[in-house]
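Here the structure comes first, spelled out in structure tokens, and everything after it is commentary.
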Amino acid sequence: MDIKEKDNTHISILVVGAGPAGLASAIAARSANKDAEIVVLEKGESVGNHNLSGAVLETASLIRLLDEARPDWKTIKGADSVLGRVVKEDDVHFLLGKELAVNISFLMKICKKLGLSFGEICNDGNTIVSTSRLTRLLGEIALSLGIEIYTGFGVKEILYDQDNRKAHGVKLVEQGLDKEGDPQPNYIEGEAITADIIILAEGTDGLVTEDFAVKAGLSRKNDQVFSVGVKEIIRVSKQQYALFGDNRVVHTMGYPLWLPIFGPAIFGGGFAYSCGENKIAVGIISGADWKYYNFNPQKALRDFKQHTLIKEFIDGGEIIEAGVKMIPEGGYYAVPRYLQPGTDGKKMNTVGYKNVMIVGDSAGFVNMNKIKGLHNAIESGALAGNAAIKCLKDPEKAADEYTGRLESNFVMDEMKSARNLRAIVARFGQAIGFPLSLFGNLFPRFAMEADYKAMTSRKFTFDTPGEFDKATFVALAGTEHREEQPSHLSISDPDLCINKCDPLFHRACITFCPAGVYEKIGIETRPANPSNCVHCKTCQRKCPFDNIRWTVPEGNGGPRYKQM
Ligand SMILES: Cc1cc2nc3c(=O)[nH]c(=O)nc-3n(C[C@H](O)[C@H](O)[C@H](O)COP(=O)(O)OP(=O)(O)OC[C@H]3O[C@@H](n4cnc5c(N)ncnc54)[C@H](O)[C@@H]3O)c2cc1C
Ligand code: SF4
Ligand code: SF4
Numbered sequence: 001m002d003i004k005e006k007d008n009t010h011i012s013i014l015v016v017g018a019g020p021a022g023l024a025s026a027i028a029a030r031s032a033n034k035d036a037e038i039v040v041l042e043k044g045e046s047v048g049n050h051n052l053s054g055a056v057l058e059t060a061s062l063i064r065l066l067d068e069a070r071p072d073w074k075t076i077k078g079a080d081s082v083l084g085r086v087v088k089e090d091d092v093h094f095l096l097g098k099e100l101a102v103n104i105s106f107l108m109k110i111c112k113k114l115g116l117s118f119g120e121i122c123n124d125g126n127t128i129v130s131t132s133r134l135t136r137l138l139g140e141i142a143l144s145l146g147i148e149i150y151t152g153f154g155v156k157e158i159l160y161d162q163d164n165r166k167a168h169g170v171k172l173v174e175q176g177l178d179k180e181g182d183p184q185p186n187y188i189e190g191e192a193i194t195a196d197i198i199i200l201a202e203g204t205d206g207l208v209t210e211d212f213a214v215k216a217g218l219s220r221k222n223d224q225v226f227s228v229g230v231k232e233i234i235r236v237s238k239q240q241y242a243l244f245g246d247n248r249v250v251h252t253m254g255y256p257l258w259l260p261i262f263g264p265a266i267f268g269g270g271f272a273y274s275c276g277e278n279k280i281a282v283g284i285i286s287g288a289d290w291k292y293y294n295f296n297p298q299k300a301l302r303d304f305k306q307h308t309l310i311k312e313f314i315d316g317g318e319i320i321e322a323g324v325k326m327i328p329e330g331g332y333y334a335v336p337r338y339l340q341p342g343t344d345g346k347k348m349n350t351v352g353y354k355n356v357m358i359v360g361d362s363a364g365f366v367n368m369n370k371i372k373g374l375h376n377a378i379e380s381g382a383l384a385g386n387a388a389i390k391c392l393k394d395p396e397k398a399a400d401e402y403t404g405r406l407e408s409n410f411v412m413d414e415m416k417s418a419r420n421l422r423a424i425v426a427r428f429g430q431a432i433g434f435p436l437s438l439f440g441n442l443f444p445r446f447a448m449e450a451d452y453k454a455m456t457s458r459k460f461t462f463d464t465p466g467e468f469d470k471a472t473f474v475a476l477a478g479t480e481h482r483e484e485q486p487s488h489l490s491i492s493d494p495d496l497c498i499n500k501c502d503p504l505f506h507r508a509c510i511t512f513c514p515a516g517v518y519e520k521i522g523i524e525t526r527p528a529n530p531s532n533c534v535h536c537k538t539c540q541r542k543c544p545f546d547n548i549r550w551t552v553p554e555g556n557g558g559p560r561y562k563q564m
């Protein structure tokens, strides 16, 4: 259904983003109130298209949410296959060079027994999921509960009344402009949708969230930092799959991102998970504070796949889907907050402001000890949904109510306990930083700088030669945009590219953009192929001169992930 067919465009509870966090908030709100009008807006063509994770899920929050909302949810067609793959084998390896792998799972298990943070990487009782499929299941359940979901509607900005210091709605991205920005016969103005309560669930580096943070005056103690996750799903032979195992997760650290002393020094690691039906998901997560001007995370994945630990399971397999997404890694100190008096008279740092709440990756709720964010996205979404219902008659109390619930919930406990890991490793390097991070909570806050500031003119010389085939990658992400629309990417100062970036960083965006969007044309750098964009937003965070602006394109564009 088109949102313009609605009788009115004033809504009680408006959720921006139909990911796990947004849908959890809508479902929880519905459980708490059968009649409230709840609307979810999603920029992707259909629910699940823009959702990508590893993923190993801690299921408790999800099951609690669904048991309450739809006690019969397990009987929904496909639900068992979405949530049926419980982890049985769980290895962590340290990759020392291209061939050597040391299994350090026992160390992680000892850490778990001792209650040390490294043990949190263990996955006993967790479930391997495809986040796009999980999100589709949540979407189906939400629809069955009478929640309205409008796909293909990108939200452009928050409507904020500075006089009354209050958000009163959102504005949608306009549709039907040509490349020059002139309206075509099918032009539709970006509609204003007003709402009593707004839940921002845009995922990582949300544009509307950042717009709201600026307008309402939210701040972070540390800059948000990110990593870039590149993932492929590979169909392998029956024999290879049997050898790998049907319920297995493998995590790695070391090669190809980091090796002691003379090797590369990038935060992150690799993963390989069973997906059923002879499919294995492989991926690599690279800290976006990499220093090398010519580093491309896709090439790191290519090298990871060639490591002897992984190669035997996937060699000769067919890549059936691929994608990229950023993970917000700044943790507790990078959560956007507003300092205001709470209901009980004490000062409160609300995650949102008045009638606006920020949930999931938009708030940065990724636990870096576990390298997981899905459970926190679902839990924070559910908390916001419940807070919204409690505050329906007094919407300006919503952020206060939500934050109160968050502070006494495991989400904030996790965020606090993992608060220094990423910063300590960034500060001291991996050899010293990782062991030191075991005592991370004894340290005060370490400041973290935005990722783009980390770029240097050092060359990454550790990858194997040869270009990465970005065109095939884009096709495997299924990404498309209507060609005849204004570019959603812009370079603020083209001269910087020519005069500063070229000599120092060799126009890094051309290398790191996974979709080959940027090209050198004449002497300029241009976002020449915006329709290839997979919405990872890496360019906005990693251009060394902070010179790129990503805006939300016309709805329905972007990747079409099916199994990510
Ligand atoms: C490679 C990788 C591996 C990961 N592995 C794991 C793992 O193993 N376990 C784990 O727990 N977590 C993992 N994570 C993290 C996890 O994926 C996230 O924490 C989780 O997906 C966050 O959910 P979300 O709903 O907040 O955001 P998202 O899933 O990103 O959903 C946000 C939604 O909002 C939509 N949207 C955004 N902006 C707008 C707008 N302006 N207008 C309309 N719609 C909009 C998007 O299209 C999207 O559908 C991984 C992440 C990556 C990238
Ligand atoms: S957009 Fe940024 S990364 Fe790309 S060439 Fe210009 S300054 Fe360099
Ligand atoms: S243009 Fe930017 S957001 Fe789009 S795929 Fe490239 S790096 Fe990602």
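With UniProt numbering applied, the sequence shown corresponds to residues 1 to 564, in that order.
Just so it is clear, CB atoms sit at the ideal spot from N, CA and C, and this is done for glycine as well.
The model shown is predicted, which means the values in this text are computed figures rather than measured ones.
By DSSP's criteria, residue i is part of a beta bridge. Which residues make up the other side?
i	result
Asn-420	None; Asn-420 has no bridge partner.
Phe-443	For Phe-443, which the question treats as bridged, DSSP gives no partner whatsoever.
Leu-41	Val-16 and Tyr-150
Asp-93	According to the sequence provided, residue 93 is His. The question's Asp does not apply to it. In DSSP, His-93 forms a bridge with Asn-103 and Thr-252.
Gly-352	Met-357
Asn-222	Per DSSP, none; premise fails for Asn-222.
Ala-195	Ile-11
Glu-524	Ile-521
Val-324	Val-230
Thr-127	Leu-57 and Val-86
Asp-161	Lys-166
What does the Cβ neighbour count give for residue i, buried or exposed, with the cut at 16 atoms within 10 Å?
i	result
Gly-283	buried
Tyr-187	exposed
Lys-393	exposed
Ser-362	buried
residue 570	The requested residue 570 is not part of the displayed model; the chain covers only 1 to 564.
Ala-471	exposed
Ser-408	exposed
Asp-451	buried
Thr-525	buried
residue 581	An answer regarding residue 581 cannot be provided, because it is not within the stretch 1 to 564 covered by the chain.
Val-92	buried
Arg-165	exposed
Ile-432	exposed
Arg-541	buried
Glu-449	exposed
May I ask whether a heavy atom of ligand 2 can be found less than 6 Å away from the beta carbon of residue i?
i	result
Phe-545	yes
Thr-538	no
Cys-513	no
Thr-525	yes
Ala-508	yes
Leu-504	no
Cys-497	yes
Ile-521	no
Cys-111	no
Heavy atom of ligand 3 less than 6 Å from the Cβ of residue i, yes or no?
i	result
Val-92	no
residue 565	For the chain, the structure presents residues 1 to 564; residue 565 sits outside this window and is missing.
Val-517	yes
Val-534	yes
Nearest by alpha-carbon distance to residue i: which of the options is it?
i	options	result
Phe-153	Lys-171, Cys-391 and Gly-254	Lys-171
Asn-294	Gly-206, Ala-265 and His-506	His-506
Thr-538	Pro-553, Val-214, Thr-308 and Phe-512	Phe-512
residue 576	Ala-398, Leu-207 and Asp-124	Residue coverage of the chain in this structure runs from 1 to 564, which leaves residue 576 outside it and unanswerable.
Gly-316	Ile-280, Ser-380 and Asp-67	Ile-280
Glu-321	Val-474, Val-552, Asn-532 and Tyr-255	Val-474
Phe-20	Gln-563, Val-40, Ile-378 and Ala-384	Note on identity: in this sequence residue 20 is Pro, with Phe being the wrong assignment. Of the candidates Gln-563, Val-40, Ile-378 and Ala-384, the one whose C-alpha sits nearest the C-alpha of Pro-20 is Ile-378.
Arg-549	Lys-562, Ile-491, Val-517 and Asp-502	Ile-491
Lys-43	Glu-58, Ser-437 and Ala-18	Ala-18
Val-214	Ser-237, Gln-175 and Leu-159	Leu-159
Pro-256	Lys-291, Lys-98 and Ile-310	Lys-98
Ala-28	Ser-61, Gly-263 and Gln-240	Ser-61
Is residue i close to ligand 1? I mean its beta-carbon at under 6 Å from any heavy atom of the ligand.
i	result
Asp-205	no
Pro-553	no
Ala-377	yes
His-50	yes
Asp-361	yes
Ile-41	The question names Ile, but residue 41 is Leu in the sequence shown. The answer is yes for Leu-41.
Open item on the list: Ignoring anything shorter than 4 residues, give me the alpha helix (DSSP H) runs that lie fully in the segment 386-437, in order along the chain.
Closed with: You should have 398-407, 410-417 and 421-437.
Task: Contained alpha helix (DSSP H) runs [length at least 4] in the segment 257-317, N- to C-terminal order - done: Secondary structure in the segment 257-317: the alpha helix (DSSP H) runs of 4 residues or longer, each lying completely within the stretch, are 297-306 and 308-314 in chain order.
Open item on the list: Runs of 4 residues minimum, wholly inside the segment 470-538: which ones carry the alpha helix (DSSP H) assignment?
Closed with: Listed in chain order, they are 470-477, 502-505 and 508-512.
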